[in-house]
Amino acid sequence: MGGFWVFPGGRIEASDAPIEPSSDEFSQAKRAAAREAQEEAGVEVVPNTLHPICEWTTPEPSPIRFATWFFAAVVSPDRVEVDGSEILDYRWERPQEALQAHRAGEVQFANPTFALSTRLLDHESAADMLTSIDGWKREHFLGRIHRTDGGKVALYAEDCAYENGRIDCDGPRHRIWMLDAGWRYERQF
6 MGGFWVFPGG RIEASDAPIE PSSDEFSQAK RAAAREAQEE AGVEVVPNTL
56 HPICEWTTPE PSPIRFATWF FAAVVSPDRV EVDGSEILDY RWERPQEALQ
106 AHRAGEVQFA NPTFALSTRL LDHESAADML TSIDGWKREH FLGRIHRTDG
156 GKVALYAEDC AYENGRIDCD GPRHRIWMLD AGWRYERQF
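Residue 6 is where the sequence shown starts when you use this note's numbering, and the numbers rise one by one after that.
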């Protein structure tokens with residue numbers, strides 16, 4: 006995701022699969038997340054301390070397709086190491102500050118970064134945030150992108166327009182508006 010501000014990430018590698026054959030993809034994803042945090046940012050995270058947030062898959066017409074799990078953890082902000090290849094810079098900010106930087110054009114977000122930052126806005130502490138995340142239903146996001154006046158809108162399965170693309174429908178909303186005038190995340194279902 007060159008040029009985008011995103012969370013550390015990467016792919017599941019052979020070393021993330023334990024010897025026992027019963028290991029599932031979720032367990033492997035936790036190990037991969039911990040390994041990638043170490044490789045990309047020098048941040049040490051123990052896999053069983055990760056809090057699962059959701060799984061996100063890029064839309065079908067995307068030139069590069071991937072599915073990724075998102076996790077949260079508490080780590081010290083003074084531990085990040087910029088290696089100059091995996092990451093070129095970092096920002097350690099509360100969601101409100103990150104979203105302000107996005108609105109101001111200082112950073113470019115990918116959809117998951119924008120949506121998750123928006124959902125985490127109202128938490129006063131890391132402990133409060135993790136408690137909230139632990140109560141979330143584990144969701145799988147697979148967006149469908151549609152052009153609209155002034156930009157695009159990504160629709161997700163719970164949205165009334167997901168199947169037919171009629172964005173003016175009456176009903177539940179789960180979408181990210183990516184408009185020239187600014188981005189907005191709607192989650193009302």
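Built from N, CA and C at the ideal position, the CB exists for glycine as well.
These numbers were taken from a predicted model, which means no experiment stands behind them.
Contact check, residue i vs residue j, beta carbons under 8 Å
| i | j | result |
| --- | --- | --- |
| Asn116 | Ala159 | yes |
| Glu30 | Pro13 | no |
| Ile138 | Ile58 | yes |
| Gly8 | Arg108 | no |
| Phe75 | Leu121 | yes |
| Ala131 | Val79 | yes |
Residues bridged to residue i (per DSSP)
| i | result |
| --- | --- |
| Arg143 | Beta-bridge pairing links Arg143 to no other residue. |
| His128 | Note: His128 sits in no beta bridge, so no partner. |
| Gln193 | Arg178 |
| Arg84 | Answer is none; Arg84 lacks a bridge partner. |
Contact set for residue i: own chain, Cβ-Cβ below 6 Å, skip 5 residues either direction
| i | result |
| --- | --- |
| Met183 | Gly156, Lys157 |
| Glu91 | Glu45 |
| His179 | Tyr161, Glu163, Asp164, Arg192, Phe194 |
| Glu144 | Cys59 |
| Thr118 | Val11 |
Residues of its chain near residue i, where Cβ-Cβ distance is below 7 Å and the 5 sequence neighbours each way are ignored
| i | result |
| --- | --- |
| Gly47 | Arg84, Val85, Glu86 |
| Arg36 | Asp21, Pro52 |
| Pro177 | Glu163, Asp164, Cys165, Gln193, Phe194 |
| His151 | Lys157, Val158, Leu160, Gly170, Ile172 |
| Leu125 | Pro100, Met134 |
Does the structure place the region 88-105 close enough to the region 165-174 that three or more beta carbon pairs sit under 8 Å? Here the region 165-174 makes no contact with the region 88-105; the two share fewer than three CB pairs at distances below 8 Å.
Secondary structure, beta strand (DSSP E): runs of 3+ residues fully inside the region 7-65: 56-62
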